[in-house]
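Student: In the numbering used here, the protein residues as written are 10 to 927. Glycine included, each C-beta is placed from N, C-alpha and C at the ideal position. A single structure is presented below for examination.
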Amino acid sequence: MSPGRPGGHGAATGLSRPGLRGREAELERLRALLEAVRDGEGAAVALLLGEPGIGKTALLQEAVSLGRDRGFLVGHGRAEELHELAPLASLASGLLHGDPPLLSGADFADLAGRHDQRIRLVERLAQLIEERSAGRPVLIAVDDVQWADPLSRFALSVLPARLLSSPVLWLLTSREDPELYGQGPLTTFLPLRPLSETALAELARDVLGRDLPARAGALLDGAGGNPFLAAEMLAGIAATGTGGSEPPERLVLGVRDRLADLRPDTLHFLRIGSVLGRAFSLADAAALCGRPAAGLSAEVDEAIAAALLHDDGERLLFRHDLLRQAVYADLAPSVRRALHREAASRLVAAGRSSGDAVPHLLKSAEPGDTEAIALLGTAADDVLAVMPDLAADLAVRALQLVPARAPLAYEVGERAIVALTRAGRYAQARETGDALLARQPPLDVFARLQSALGDALWHLDDVHELTRRTTTALAAVTDPAVRARLTARHALARSRGSDLGAARECGERALAEAERAGDREARVLALWGLGEIALNAGDCAAAVAHHTALSVFDSAFLPEEAVALIHMDDFDAARRLLRSAGDVHPRPAMLAWTQGTLNMALGRLDDADADFVTAERLEADLRLPGNLVNIRVNRGLIALLRGDRKAAGAHLDVVRANVTDRPNTGNHATLRYFEAVVADADGDHAAAAELVRSVQRDHPFLRWRLLRPHLVQAVRIALRGGDRKLAEDLAAQAAAHAARNPAVPTVQGTAAHASALVNADRELLQRAVGILHDGPRPLPLAAASADLGRALLPTGGAAATAALTTAHDLYARAGADAEADRVRADPQRATRRPGRRTGRLRPRTDQGWDALTASERKVARLIAAGHTNRSAAETLVVSPHTVNTHLASIFRKLAVRSRVHLARIVLAEDDAAAAVDA
């Protein structure tokens, strides 16, 4: 060994037993993590990183052994290179194999029934692990995460955050950082360095039974401090000795010599096995060899005797992936490709799934391979619901294999457009479609491709291009179903335009065409477009009718129906509808957004904020942040109602960053309104009024559905900014909206309130208060009551005090602390009641028990009492996602990491409260 080799990891402490030489520091950190999780410090994640053979697996196995000794329930699995198409296979290998296993066969069958919804599957998986961890700590170890299938990677990104408070240690190994970054516990990274000279010397004594001969030191330098390579070289030295000047490659991996001594049939068998992967079945290898499995016993025995293979009772495994790579590397590239292609064909012929064959096709298929194109397409369809990114990659690869001028390209290309859109890769979907269209396909194919591109263009907010393309395609289409889809997409695009009457006629025509054609997709699109048109036009009753029909036809649109009901002030029906969705809805982020919208309308600002946090987290988990602008605008408006200008500014920064270069006029209008409210709060009334004017650049203020509850505030901003004409215009819009919706109390009350402010009409203010009193929204009532109280102050009397007191109490109950303080602050009145506290409300704190919202305290007490997230959710009639959001906030505010710590704090708070009462 070279005297200049750095000391490396582990040189400073005593040596561990053979197999773990030089890994004492890492092992000690793993022991500490195990003990912290066992002792109730909460969940933890550890990631062992390093090159092949560096000792990750040995260290993981030692940690698994230590975990079992400390009472952990252990799941230990491995990801495999050729299993990326098997959903959850990598994680399931650990969850199903243990003593006892973490999951039973019935549990996994239940999970398989949820494989079409990633969030739903992970939530159920989290519930099962949470239940297992209630009685003892859990260790989940997964080796070779760099090869994990996409669904397992998704689960490993999300589950640690979901199980943040449970005693679960996630121990993963990978060749490089897999970037499984969720919002869970901080990951402990343990990069494994090359072994020090001291550790290599001890390793030599372990293998040779004596000190390393001086002449062999130079050969061992070729291992680069890699323990597996070093051990293989040492095994070669032990078996053959060393001549001192022999080239290092003679002993590298200790494989070449062993291969040279094998019979040709055994060598061929090993090469076949190396193509099938590190672990392979004897039956698959026999099929590829063209021989019966029973006839390969001599080859198997010889490979095992040469220490190249291991038999685990179910499959044959190369003893280390480096050994497989060494065998595989000896194959000429053309031979590898041919063997992979033959493996795919034989697997299909044997009745195996496309998922088994496709990994081999990805390494072997060439342009024009129609069987490969078909299998890739089938595999893409199979995994689209649960692994859309992988489905998109497979569909794109299939398209690449189709010869440029082959008619098959259009059918395969349409599938690729759909998969890319489902994966959220909208720009790539558009590029793929445009490349196909550039080939000048037949007119009906042209129309089909334009219809397939509709979703991507919609999500890219390019409604002008969607309108143009659907118009062009409708002139060419002859297929009735495709015509109905194009007409519906055209109507949906025109829902963003100014002529909503023409858009409605187009939507009704699309619905009629869809019914005649019997096309489900067209019917869904038409009903969706009609609902959007009605909402944008301010026709709340029609919006409810269309969205109800849509939701009955396709339950994925249940949130849209609930939103339409909220616009109608039918909160009871909206609440029942949301509860009926449970936690199995295919769009959980949209469901959480809708629940937040309802809670905001009900004046439950803390709960609304938690719902919006949940919606944003779920969108981030799925990497489809479609509603982020609206989420952050609402959270910013809530922050201002609470008086948290700093938080509002942070939300504003996020909104600005996310509307850059986005053509969605609604997002830009919403941003400008938010900026106006912030400017008004900062005292810049002229700038605020100008921003409200700019909201109407593309459409009137009330066209923006998110802003309708805030029209009165916009009128105030206009008046404070000296723009009476703008205030009158806004009030006129409110009156027209009220005329369209005579049965909606909030709409009627808002119109009266806006007109009263513009005309300084106290009687109309009184009328507005009466109307809003009969409605379900406390914040508009509070605002009207406050304005009425202020208007009555000059004449004094009990009426002013009563109105202001009502406003204060409504704001305070909602959590709108800043507004409550503003009402309380007027020195010309008194809102004092016997026994009521006067003066400013106590400022909100962001740490400690007093920082918890009412809902967070309920969740804290339930969890402290032993509830799981799911049982707490059922008790509170909310989703487990919402409970998880509350728990994350509770842990942050209380600076705790586990349920054990939380229970202690809850007990202490209850004892303190009981002492005060006594």
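Mind listing, in chain order, the continuous beta strand (DSSP E) runs of no fewer than 3 residues lying wholly within the region 119-170?
Tutor: If we require 3 residues or more, the beta strand (DSSP E) runs fully inside the region 119-170 come out as 147-152.
Student: Fully enclosed by the region 660-740, which alpha helix (DSSP H) runs are 4 residues long or longer?
Tutor: Segments of the alpha helix (DSSP H) lying fully in the region 660-740: 674-690, 694-704 and 720-729.
Student: Does the region 515-531 come within contact of the region 479-486, defined as at least 3 CB pairs closer than 8 angstroms?
Tutor: The region 515-531 vs the region 479-486: no contact.
Student: State the Cα-Cα distance for the pair Pro110 and Leu104, rounded to the nearest angstrom.
Tutor: Residue mapping note: residue 110 aligns to position 101 of the sequence shown, counting from 1. Residue mapping note: residue 104 aligns to position 95 of the sequence shown, counting from 1. Going from the Cα of Pro110 to the Cα of Leu104 covers about 6 angstroms.
Student: So what's Leu212 in DSSP terms, helix, strand or just coil?
Tutor: Translated into positions along the sequence shown, residue 212 becomes position 203. The answer is helix: DSSP assigns Leu212 an H, G or I state.
Student: Hey, could you find the ends of the beta strand (DSSP E) Ala53 is sitting in?
Tutor: Within the sequence shown, the letter at position 44 stands for residue 53. Its beta strand (DSSP E) spans residues Ala53 to Leu58.
Student: Check each candidate in Ala438, Leu112 and Glu883 and name the one with the smallest Cα separation from Asp1.
Tutor: With the chain covering 10 to 927 only, the question about residue 1 has no answer from this structure.
Student: In whole angstroms, what is the alpha-carbon distance linking Leu148 and Trp179?
Tutor: By 1-based counting over the sequence shown, the position of residue 148 is 139. By 1-based counting over the sequence shown, the position of residue 179 is 170. Approximately 6 angstroms between the Cα atoms of the pair.
Student: Quick check on DSSP: helix, strand or coil for Arg87?
Tutor: One-based indexing of the sequence shown puts residue 87 at position 78. Strand at Arg87.
Student: Are Arg498 and Asn545 close, meaning C-beta to C-beta below 9 angstroms?
Tutor: One-based indexing of the sequence shown puts residue 498 at position 489. One-based indexing of the sequence shown puts residue 545 at position 536. Against a cut-off of 9 angstroms, the Cβ pair of Asn545 and Arg498 comes out as no contact.
Student: Can you grab the Cα-Cα spacing for the pair Ala118 / Pro146, in whole Å?
Tutor: Start at 1 with the first residue of the sequence shown, and residue 118 comes out as number 109. Start at 1 with the first residue of the sequence shown, and residue 146 comes out as number 137. In a straight line, the C-alpha of Ala118 is about 24 angstroms away from that of Pro146.
Student: Run through DSSP, which three-state label would His329 get?
Tutor: Position 320 of the sequence shown holds residue 329. Coil, per DSSP.
Student: Are there 16 or more other CB atoms within 10 angstroms of the CB of Pro803, so buried, or fewer, so exposed?
Tutor: For the purposes of this step, residue 803 is taken as residue 794 along the sequence shown, with counting starting at 1. Exposed, since its Cβ has fewer than 16 Cβ neighbours within 10 Å.
Student: Under the rule that 16 or more other beta-carbon atoms within 10 Å means buried, what is Arg198, buried or exposed?
Tutor: Numbered from its first residue, the sequence shown carries residue 198 at position 189. Note that residue 198 corresponds to Phe in the displayed sequence, not to Arg. By the neighbour-count rule (16 or more Cβ atoms within 10 Å), Phe198 is not buried but exposed.
Student: Using a 10 Å radius around the Cβ and a threshold of 16 neighbouring Cβ atoms, would you call Asp158 buried or exposed?
Tutor: The residue given as residue 158 occupies position 149 in the sequence shown. Asp158 is buried by the Cβ-count criterion.
Student: What did DSSP end up calling Ala95 once you bin it into helix, strand or coil?
Tutor: Within the sequence shown, residue 95 is the residue found at index 86, counting from 1. Residue state, collapsed to three classes: coil.
Student: Since Pro200 sits in a beta bridge, which residues does DSSP pair it with?
Tutor: Within the sequence shown, the letter at position 191 stands for residue 200. DSSP lists Leu58 as partners of Pro200.
Student: For Ser907 and Asp48, what's the separation of their Cα atoms in angstroms?
Tutor: In the sequence shown, residue 907 corresponds to position 898, counting from 1. In the sequence shown, residue 48 corresponds to position 39, counting from 1. Going by the C-alpha atoms only, they are around 10 angstroms apart.
Student: Given that a residue counts as buried once 16 or more other Cβ atoms are within 10 Å of its Cβ, and exposed if not, what is Leu262?
Tutor: By 1-based counting over the sequence shown, the position of residue 262 is 253. Summary for Leu262: the model assigns pLDDT 45, below 50, so the residue's position carries little reliability; its value from the coordinates is reported in the next sentence. Leu262 should be labelled buried.
Student: My guess is that Ile426 and Leu348 are in contact by the Cβ rule of under 8 angstroms, so how many angstroms apart are they, rounded?
Tutor: Residue mapping note: residue 426 aligns to position 417 of the sequence shown, counting from 1. Residue mapping note: residue 348 aligns to position 339 of the sequence shown, counting from 1. So it is not a contact: roughly 33 angstroms between Cβ atoms.
Student: So, with DSSP's three-state summary, where would you put Asp320?
Tutor: Looking up residue 320 in the sequence shown gives position 311. Asp320 falls in the strand class under three-state DSSP.
Student: Got a sec? Which residues, its chain only, sit under 6 angstroms from Gly844 by beta carbon, not counting five neighbours each side?
Tutor: Position 835 of the sequence shown, counted from the first residue, corresponds to residue 844. Only weak support is given to the placement of Gly844: the predicted model assigns it a pLDDT of 38, under 50, and the question is left unresolved by the model.
Student: Report the partner residues of Val177 according to the DSSP bridge assignment.
Tutor: Locating residue 177 in the sequence shown gives position 168, where the first residue counts as 1. Val177 is bridged to Val147.
Student: Tell me which residues share the same chain as Pro169 and place their Cβ nearer than 7 angstroms to its Cβ, disregarding the 5 neighbours each side in the sequence.
Tutor: Residue mapping note: residue 169 aligns to position 160 of the sequence shown, counting from 1. Answer for Pro169: Ala52, Val54, Trp179, Gly191, Gly193 and Pro194, listed in chain order.
Student: Would you grab the beta carbon distance between Thr479 and Gln449 for me? Rounded to a whole angstrom, and I think it's under 8 angstroms.
Tutor: Start at 1 with the first residue of the sequence shown, and residue 479 comes out as number 470. Start at 1 with the first residue of the sequence shown, and residue 449 comes out as number 440. Not really, about 19 angstroms apart at Cβ, beyond 8 angstroms.
Student: Helix, strand or coil, according to DSSP, for Phe8 in the structure here?
Tutor: Residue coverage of the chain in this structure runs from 10 to 927, which leaves residue 8 outside it and unanswerable.
Student: Is the distance from the Cβ of Phe327 to the Cβ of Leu340 below 9 angstroms?
Tutor: Your numbering for residue 327 matches position 318 in the sequence shown. Your numbering for residue 340 matches position 331 in the sequence shown. No, the pair does not count as a contact, with Cβ atoms beyond the cut-off.
Student: Taking only runs of the alpha helix (DSSP H) that begin and end inside the region 738-783, which ones reach a length of at least 4 residues, in chain order?
Tutor: Here the runs fully enclosed are 754-768 and 771-782.
Student: So, Ser564 versus Ala590, is the Cβ gap smaller than 9 angstroms?
Tutor: Within the sequence shown, residue 564 is the residue found at index 555, counting from 1. Within the sequence shown, residue 590 is the residue found at index 581, counting from 1. Against a cut-off of 9 angstroms, the Cβ pair of Ala590 and Ser564 comes out as a contact.
Student: When you compare each of Thr606, Arg333, Pro789 and Gly730 to Leu819 by their alpha carbons, which one comes out closest?
Tutor: Indexing the sequence shown from 1 puts residue 819 at position 810. Cα-wise, what sits closest to Leu819 is Pro789.
Student: Return the first residue and the last residue of the alpha helix (DSSP H) that His7 is part of.
Tutor: The displayed coordinates of the chain run from 10 to 927. Any statement about residue 7 would go beyond what the structure contains.
Student: Answer with buried or exposed for Gln604, where buried requires no fewer than 16 other C-beta atoms within 10 angstroms of its C-beta.
Tutor: In the sequence shown, residue 604 corresponds to position 595, counting from 1. Gln604 comes out buried.
Student: For Gln459, report the span of its alpha helix (DSSP H) as first-last.
Tutor: For the purposes of this step, residue 459 is taken as the residue at position 450 of the sequence shown. It spans Leu452 to Ala461 - the alpha helix (DSSP H) in which Gln459 sits, taken as one unbroken run.
Student: What does DSSP give as the partner residue(s) for Thr182 in the beta ladder?
Tutor: One-based indexing of the sequence shown puts residue 182 at position 173. Looking at the DSSP assignment, Thr182 forms a beta bridge with Leu57.
Student: Please list, in chain order, all residues of the same chain as Leu466 whose beta carbon is under 6 angstroms from its beta carbon, the five residues on each side excluded.
Tutor: In the sequence shown, counting from the first residue as 1, residue 466 sits at position 457. Closer than 6 angstroms at the Cβ level, and outside the excluded window around Leu466, lie Glu474 and Leu475.
Student: With 16 other CB atoms within 10 Å as the buried threshold, where does Thr759 fall?
Tutor: Start at 1 with the first residue of the sequence shown, and residue 759 comes out as number 750. So Thr759 ends up on the buried side.
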